[in-house]
Structures are given as C-alpha cells and as structure tokens.
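Enquirer: In this note's numbering, the protein residues as written are 171 to 238. A virtual CB, placed ideally from N, CA and C, is assigned to each residue, including glycine. All values reported here derive from a predicted model rather than from experimental measurement.
#1: Quick one: what does DSSP say residue 224 is sitting in, helix, strand or coil?
#2: May I ask you to verify whether the stretch 180–191 touches the stretch 207–215, counting CB pairs closer than 8 Å and requiring at least 3?
#3: Out of 225, 214 and 203, which has the shortest C-alpha to C-alpha gap to residue 181?
#4: Under the rule that 16 or more other beta-carbon atoms within 10 Å means buried, what is residue 200, buried or exposed?
#5: Put residue 214 into one of helix, strand or coil per three-state DSSP.
#6: Whose C-beta lies closer than 7 Å to the C-beta of residue 203 among residues of the same chain, with five residues either side of it excluded?
#7: Would residue 227 be called buried (16 or more neighbouring beta carbons within 10 Å of its own) or exposed?
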C-alpha cells in the first residue's frame, strides 16, 4: 500500500456474498476453459452486474493488484 492510501475496509456480509457469487461464476468459467478467459468472456459475466456488484468487483481487483 502506498503512502496516503487508506487501508481497505472489511467487506460487509452483503458485499462478501456478492464477491462469492462473482468468484463462483468466474470459477465455473475457468473450469470450462483450458486457458485463461478473454476480456470478452469476463465482460459477459459482469455485463449484467449492478452498481453494488461492480463496486465489489472493483474492490477485489484493487486488493489483488495491491497484494501483487
């Protein structure tokens, strides 16, 4: 985490449930493929997400990039 960047807040139960649903959908996609999914395939999964779900997904990728 860089200086001036706030630590991520823990997910609420609703956010965690949404994150679990998104992770499950991505896991199912990975199980069906013999390669990493394309951006278009990930977009197809996330296209119908609402604002809250997109926020949870953005937080997931933010935390993932911060951890790497």
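Expert: So, from the listed chains and residues:
#1: As a working note, residue 224 is residue 54 in the chain shown. Reduced to three states, the DSSP call for residue 224 is helix.
#2: Of all C-beta pairs linking the stretch 180–191 to the stretch 207–215, fewer than three are shorter than 8 Å, placing the two stretches out of contact.
#3: Here residue 181 refers to the residue found at position 11 of the chain shown. Here the closest residue by C-alpha is 225.
#4: On the chain shown, residue 200 is found 30 positions in, with the first residue counted as 1. By the neighbour-count rule (16 or more Cβ atoms within 10 Å), residue 200 is not buried but exposed.
#5: For this step, residue 214 is matched to residue 44 along the chain shown. In this structure, residue 214 counts as helix in the three-state DSSP scheme.
#6: Position 33 of the chain shown, counting from 1, holds the residue named residue 203. Cβ within range, chain order: n/a, list empty.
#7: Stepping through the chain shown from its first residue, residue 227 is reached at position 57. The residue in question, residue 227, is buried, as its Cβ has 16 or more Cβ neighbours within 10 Å.
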